[in-house]
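Under the working numbering, the first residue of the sequence shown carries the number 606, and numbering increases by one thereafter. All C-beta atoms, glycine included, are put in the ideal place defined by N, C-alpha and C. Quick caveat, the model's predicted, so the values are computed rather than measured.
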Amino acid sequence: MMKQTIKQHFVAAVALLAAAVTLPGLDAAAQVSVGAGYLSGRLKESQGGISMTTATDGIYVGFSYRVPLNVHGLSFEPGVFYGYGVGTPDLQGIGVADLNLQDLYVPFRLRIDSPISSKFDVFASAGPTLGLGLSGEIRSMGVGVNLYDSSIMEGSALKRFDVLFGAEAGFMLWNHLQLRLGFDLGLLDVEEGATKAKRSSVHVGVAYAF
606 MMKQTIKQHF VAAVALLAAA VTLPGLDAAA QVSVGAGYLS GRLKESQGGI SMTTATDGIY
666 VGFSYRVPLN VHGLSFEPGV FYGYGVGTPD LQGIGVADLN LQDLYVPFRL RIDSPISSKF
726 DVFASAGPTL GLGLSGEIRS MGVGVNLYDS SIMEGSALKR FDVLFGAEAG FMLWNHLQLR
786 LGFDLGLLDV EEGATKAKRS SVHVGVAYAF
């Protein structure tokens with residue numbers, strides 16, 4: 606059942622992306638970029654004035670689809686990215702545990718480009734990002750717990766869906782090779798129960814535009 610639900614939302618995200626890039630009034634000179642890089646995540650939990658931040662380090666991989674608008678330098682750039690992160694939180698009364706998270710991100714950003722020369726272009730983008738938690742596990746002393754299973758986590762399970770605000774900047778060489786640096790800040794509480802939790806991430810990577 607869980608796998609079926611994840612698949613349904615993944616298909617919905619891809620369908621939404623496909624619909625977005627075929628909106629009327631968009632320039633036909635679209636450009637697909639495939640990229641990968643380093644992903645640093647944070648889960649900040651707070652309750653009763655006490656907060657704790659769990660850090661993860663990992664990778665991301667995916668693609669974006671840039672469609673120029675009818676305004677000089679401005680374009681619409683949605684995408685689909687997979688993120689994988691691991692961490693070692695220190696749990697009170699238990700000790701250090703192993704954490705791994707897998708997520709799907711679907712950004713919808715407006716991008717502005719400022720060509721410096723025919724071979725060098727600086728760009729920046731910003732907009733909302735939809736987040737979908739694919740899987741999450743915390744493991745200690747050989748026992749693994751599904752972080753999205755509310756029957757096991759007893760009211761402190763993670764919620765699968767999030768809405769984030771993201772921004773990105775970078776430069777492009779020879780109209781193809783890109784360096785990208787960006788961040789996403791979670792806007793929703795992603796934990797059930799009395800504890801409040803928000804996610805955020807920073808990424809840096811490279812992409813190639815076809």
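Sequence-distant residues of the same chain with beta carbon closer than 7 Å to residue i, five excluded per side
{"i": "leucine 792", "result": "Val768, Leu769, Phe770"}
{"i": "phenylalanine 754", "result": "For clarity, residue 754 is aspartate in the given sequence; the question names phenylalanine instead. Closer than 7 Å at the Cβ level, and outside the excluded window around aspartate 754, lie Ala762."}
{"i": "valine 795", "result": "Leu763, Lys764, Asp767, Ala802, Lys803, Arg804"}
{"i": "valine 807", "result": "Ser645, Phe788"}
Residues that DSSP places opposite residue i in a beta bridge
{"i": "methionine 777", "result": "Asp726, Gln783"}
{"i": "glycine 738", "result": "Asp708"}
{"i": "serine 761", "result": "For serine 761, which the question treats as bridged, DSSP gives no partner whatsoever."}
Extent of the continuous alpha helix (DSSP H) to which residue i belongs
{"i": "isoleucine 699", "result": "Where isoleucine 699 is concerned, there is no enclosing alpha helix (DSSP H), given that its DSSP letter is neither H nor E."}
{"i": "serine 680", "result": "Looking at the DSSP string, serine 680 is not in any alpha helix (DSSP H); the run it does join, the beta strand (DSSP E), is 679-692."}
{"i": "serine 755", "result": "755-758"}
Distance between residue j and residue i (C-alpha atoms, nearest Å)
{"i": "serine 805", "j": "valine 691", "result": "14 Å"}
{"i": "proline 629", "j": "isoleucine 664", "result": "Unreliable positioning characterises proline 629 in this predicted model, as indicated by a pLDDT of 45, which lies under 50. A coordinate reading is not provided."}
{"i": "leucine 595", "j": "alanine 660", "result": "No answer is possible for residue 595: it lies beyond the span of the chain, which begins at 606 and ends at 815."}
{"i": "arginine 744", "j": "leucine 696", "result": "11 Å"}
{"i": "alanine 702", "j": "alanine 799", "result": "23 Å"}
{"i": "serine 558", "j": "glycine 667", "result": "Residue 558 lies beyond the stretch modelled for the chain, which goes from 606 to 815, so this question has no answer here."}
{"i": "lysine 724", "j": "valine 639", "result": "19 Å"}
{"i": "glutamine 636", "j": "serine 719", "result": "16 Å"}
{"i": "leucine 704", "j": "glycine 646", "result": "12 Å"}
{"i": "valine 672", "j": "phenylalanine 728", "result": "14 Å"}
{"i": "proline 733", "j": "glutamate 773", "result": "12 Å"}
{"i": "glycine 758", "j": "glycine 749", "result": "The sequence shown places methionine at residue 758, not glycine. Looking at the two C-alpha atoms, the distance is approximately 12 Å."}
{"i": "serine 730", "j": "leucine 737", "result": "21 Å"}
Same chain only: Cβ atoms within 6 Å of residue i, ignoring 5 sequence neighbours per side
{"i": "glutamine 707", "result": "Tyr689, Leu739, Ser740"}
{"i": "methionine 657", "result": "Glu650"}
{"i": "glycine 810", "result": "Gly640, Ala641, Gly642, Arg785"}
Nonlocal neighbours in the same chain, by C-beta distance under 8 Å from residue i, ignoring five residues either side
{"i": "tyrosine 813", "result": "Ser638, Val639, Gly640, His781, Leu782, Gln783"}
Where the beta strand (DSSP E) through residue i begins and ends
{"i": "methionine 657", "result": "655-673"}
{"i": "serine 645", "result": "636-652"}
{"i": "serine 806", "result": "801-814"}
{"i": "glycine 749", "result": "748-751"}
message: Quick test of the definition: if touching needs 3 or more C-beta pairs under 8 Å, does the stretch 696-716 touch the stretch 679-687?
response: Taking a contact to require three or more Cβ pairs closer than 8 Å, the stretch 696-716 and the stretch 679-687 qualify as touching.
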